[in-house]
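To start, the structure under review is shown below, and the notes come after it.
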Amino acid sequence: MAPPPTPARPPVPSIRGGRQPSPVQTPECTTRTLAFDSATSSAADEASARAHKRRRRVAQSAAFITARRPLHTEQEQDAGQNAAMDAVRHPTHLEDKCDAPLTNKKSPDTSTTVLPAQDKNIQVVRRLRGLVQSCSRQHHAAAALFYADKLLTMSPRDADDVLLFADACYVNREFYRAIHAIKKARLSQVEGPASHVTLRAVLLLGRCMLAIKQKDECLELLWTVLPEQEEDVVLLAKKMSATGEGINVVSSLALLMAETFEAIGHRENATLFFRTALRCDVHCSEAFFHLFDKQMLSAQEEKELVASLDFSADEMHLLECLYQTHVGKYDSTPSVEEKFTEVEQEFGLMDNLDLKYEAAQRYFHVFYKEKDYPQAIEMFTKALQLCKGLPERLMEAWEPTLFNLGCSYRKLRR
1 MAPPPTPARP PVPSIRGGRQ PSPVQTPECT TRTLAFDSAT SSAADEASAR AHKRRRRVAQ
61 SAAFITARRP LHTEQEQDAG QNAAMDAVRH PTHLEDKCDA PLTNKKSPDT STTVLPAQDK
121 NIQVVRRLRG LVQSCSRQHH AAAALFYADK LLTMSPRDAD DVLLFADACY VNREFYRAIH
181 AIKKARLSQV EGPASHVTLR AVLLLGRCML AIKQKDECLE LLWTVLPEQE EDVVLLAKKM
241 SATGEGINVV SSLALLMAET FEAIGHRENA TLFFRTALRC DVHCSEAFFH LFDKQMLSAQ
301 EEKELVASLD FSADEMHLLE CLYQTHVGKY DSTPSVEEKF TEVEQEFGLM DNLDLKYEAA
361 QRYFHVFYKE KDYPQAIEMF TKALQLCKGL PERLMEAWEP TLFNLGCSYR KLRR
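The sequence shown: position 313 = 313 (full-length UniProt numbering), numbered continuously.
Structure (structure tokens):
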């Protein structure tokens with residue numbers, strides 16, 4: 001008796017991605033598969049051979065064409081581009097100025113177009129520079145410093161803008177701030193012959209140092225740009241005479257050197273550099289009055305100095321006449337009238353307080369020397385009435401005169 005059939009198992013659910021059992025291979029299936037694979041491989045070999053032949057023919061054709069006709073050069077390419085550009089019609093200068101037919105707006109000029117941010121920056125810098133200069137002329141020192149600070153931030157590499165900011169700091173007595181700005185920009189560093197900008201920077205830096213009592217540092221700084229010999233300083237001033245306006249910058253440096261020596265107490269060196277500053281530029285009247293009001297020179301040295309000065313730069317011929325009124329203060333010849341008549345009548349300075357004061361002082365010394373004490377006192381009283389409108393530097397010169405006046409009163413009492 002045959003055994004009962006085995007019940008069939010239910011199909012096992014397959015998981016996606018799992019391995020599936022390969023189907024049972026029969027001899028007939030295996031034979032068909034091998035035949036198909038051999039046919040497929042032979043077809044692929046034939047296609048690969050045909051593609052290889054095709055690529056070889058293309059390469060041979062390209063080599064033949066290249067050998068007969070060379071590649072385009074850069075000139076041919078530029079010529080082609082120019083021809084393409086000429087084929088396009090450009091508007092004329094009259095059409096550029098005409099309004100557009102639809103928007104009624106003029107077409108923008110693209111030939112001179114500047115980046116908006118860069119253009120705005122340039123305009124702001126120019127505007128700030130003008131504001132600083134105008135505020136300085138109008139004595140708005142705080143406003144000038146305010147705008148100069150913004151100008152320095154936007155234009156830190158411009159030497160003139162740095163000096164403009166440092167000058168505004170100097171006027172506002174912010175000396176340390178001015179020193180920091182000049183040193184940060186390295187404007188006072190001397191490499192070879194000093195330029196005009198370097199001399200200006202050294203001058204302003206030295207003034208700030210002297211203002212904060214850094215006298216030795218100021219002298220060391222000035223020695224880096226000024227020669228040791230007086231004649232060499234005068235030659236340097238002649239070289240710089242055509243590079244700036246106003247008083248020569250070398251004359252200003254020599255004046256600052258003299259003021260520094262005077263502050264230290266070296267009167268001889270101060271006298272030397274005051275004279276050098278006046279020789280560098282006759283318009284440096286500060287050096288002249290330092291020498292004559294403080295009596296740093298003898299009467300003979302005063303005459304020799306004024307005679308040696310070059311007044312060719314004074315086209316008005318006024319400066320020499322004004323200086324001559326201060327020479328020989330205690331000399332009886334020429335007379336006081338002769339000294340002051342020329343400058344008063346020729347240039348119309350009869351009502352000038354400075355000249356009136358100088359004439360009254362001269363008369364006082366003449367009458368005092370002649371022992372005419374009442375006239376001397378009268379001249380002093382006349383000069384005293386003019387003191388309200390006189391500068392302070394002239395009042396300091398009256399100290400020896402007051403001593404002589406006291407002696408006059410004492411002799412009158414006797």
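For every residue, glycine included, the Cβ atom is placed at its ideal position computed from N, Cα and C. What you are looking at is a predicted structure, and each value in this text was computed from that prediction instead of being measured.
{"Asked": "Straight-line Cα distance separating Y373 from T243", "Found": "53 Å"}
{"Asked": "Touch test, the stretch 210-217 against the stretch 189-202, Cβ-Cβ under 8 Å, three pairs minimum", "Found": "no"}
{"Asked": "Collapsed DSSP secondary structure at F364 in the structure displayed", "Found": "helix"}
{"Asked": "Opening and closing residue of the alpha helix (DSSP H) in which V233 lies", "Found": "E230 to K239"}
{"Asked": "CB contact flag (E286, G328, <9 Å)", "Found": "no"}
{"Asked": "C-alpha gap between C321 and E346, whole angstroms", "Found": "10 Å"}
{"Asked": "Collapsed DSSP secondary structure at A144 in the structure displayed", "Found": "helix"}
{"Asked": "Contact under 9 Å by Cβ, L272 with E230", "Found": "yes"}
{"Asked": "Reduced DSSP category for D354 - H, G, I as helix; E, B as strand; rest coil", "Found": "helix"}
{"Asked": "Start and end residues, alpha helix (DSSP H) containing residue 416", "Found": "Residue coverage of the chain in this structure runs from 1 to 414, which leaves residue 416 outside it and unanswerable."}
{"Asked": "Straight-line gap, residue 473 to D351 (C-alpha atoms, nearest Å)", "Found": "This structure leaves residue 473 out entirely; the chain is present only between 1 and 414."}
{"Asked": "Proximal residues to H290 (C-beta, below 6 Å), its chain only, five neighbours per side dropped", "Found": "F274"}
{"Asked": "CB of D293 within 9 Å of CB of S241, strictly", "Found": "no"}
{"Asked": "Supposed contact pair L204 and A168 - C-beta distance, whole angstroms, cut 8 Å", "Found": "Not confirmed; about 11 Å, so no contact."}
{"Asked": "Span of the alpha helix (DSSP H), counted from its first residue to its last, around H317", "Found": "From DSSP, H317 is part of no alpha helix (DSSP H); its letter is neither H nor E."}
{"Asked": "DSSP-derived helix/strand/coil call for I264", "Found": "helix"}
{"Asked": "Backbone CA spacing between A194 and P156 [nearest angstrom]", "Found": "21 Å"}
{"Asked": "Beta-carbon proximity check, A237 vs N248, cutoff 9 Å", "Found": "yes"}
{"Asked": "D160, DSSP secondary structure in three states", "Found": "helix"}
{"Asked": "Cβ-based burial, Y176 [other Cβ within 10 Å; buried from 16]", "Found": "exposed"}
{"Asked": "Contact set for M154: own chain, Cβ-Cβ below 8 Å, skip 5 residues either direction", "Found": "N121, V124, V125 and L128"}
{"Asked": "Alpha-carbon spacing of A142 relative to I264, whole angstroms", "Found": "32 Å"}
{"Asked": "M240 Cβ short of 8 Å to the ligand SAM heavy atom set", "Found": "Among the ligands in the structure shown, none appear at all, so the ligand SAM cannot be discussed."}
{"Asked": "Proximity of F288 and Y323 at Cβ, strictly below 9 Å", "Found": "yes"}
{"Asked": "Spatial neighbours of A270 in its chain, beta-carbon cut-off 6 Å, leaving aside the 5 residues before and after", "Found": "A258, F261 and E262"}
{"Asked": "Cβ-based burial, Q361 [other Cβ within 10 Å; buried from 16]", "Found": "buried"}
{"Asked": "Endpoints, alpha helix (DSSP H) assigned at R173", "Found": "From DSSP, R173 is part of no alpha helix (DSSP H); its letter is neither H nor E."}
{"Asked": "Segment limits, alpha helix (DSSP H) that includes G130", "Found": "P116 to R137"}
{"Asked": "Reduced DSSP secondary structure (H/G/I, E/B, other) of I179", "Found": "helix"}
{"Asked": "Same chain, Cβ closer than 7 Å to A376, five either side skipped, listed in chain order", "Found": "F364, F367, Y368 and S408"}
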